[in-house]
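Below you'll find the structure, written out as structure tokens, and then a few comments.
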Amino acid sequence: MPINLELKAKVNSKDNIKSLLNDLGATFECKMVQVDTYFNVSKGRLKLREIDKKESQLIYYDRKESTTEMWSNYQIVKVDEPGRLKEVLAASNGIRVVVKKIRDLYMYENCRIHIDEVEGLGSFIELEVIHKDSETKTKELFKFIKEKLSAEIEENINESYSDLLLSKT
């Protein structure tokens, strides 16, 4: 299973974060609308991600969300019939919550950087350093990017968007 080292945080200003990313040399990849439907599961998280109503993925991930270092194991499967899959998973497992967001995706080396506007929650940044080589190199890149963006990071969040939305209800 692939592994990421992750950070999620509230941000003071999306524009300032974007400016810092440009200064860092991060590459803007795209803007997208994502709808994540989370299903009830006994372990980890399972979501159907629909991207710009054109592409869909079934994503399973498992991570410890209470630690300062959030390591995530994940699997992603391309889905050709998202409507039918959603019906099957809703019938068999039940829908936990739906998260809607507008995401700007940046890349810096092997780090995906997301600037998200999450419906009902506000503005966030996510770092996902893809663990490729050694744990030390992964941690060094993570620390470097986090320090470069620290002036605009309001508070670290150790929960998924799904949990944050559910805690508001």
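Following the numbering used here, the numbering of the sequence shown begins with 1184 at its first residue and continues without gaps. The beta-carbon is built from N, C-alpha and C at its ideal position, and this holds for glycine as well.
| Check | Outcome |
| --- | --- |
| The alpha helix (DSSP H) with residue 1237 in it runs from where to where? | Careful: residue 1237 lies outside any alpha helix (DSSP H) and carries neither H nor E. |
| Mark residue 1328 as exposed unless 16 or more other C-beta atoms lie within 10 angstroms of its C-beta, in which case mark it buried. | buried |
| Checking 9 Å against the spacing of the C-beta atoms, do residue 1239 and residue 1263 come in under that value? | yes |
| Assuming residue 1304 and residue 1200 are in contact, meaning their beta carbons sit under 8 Å apart, how far apart are those beta carbons, in whole angstroms? | Residue 1304 to residue 1200, Cβ: 16 Å. No contact. |
| In terms of residues, what are the limits of the beta strand (DSSP E) holding residue 1192? | 1186-1194 |
| So within the segment 1248-1289, which uninterrupted alpha helix (DSSP H) runs reach at least 4 residues, ignoring any that extend past its ends? | 1265-1275 |
| Looking only at its chain, what residues have a beta carbon closer than 8 Å to the beta carbon of residue 1317, apart from the 5 residues adjacent to it on each side? | none |
| Enumerated in chain order, which unbroken segments of the alpha helix (DSSP H) with a length of 4 residues or greater are wholly contained in the segment 1301-1344? | 1318-1332 |
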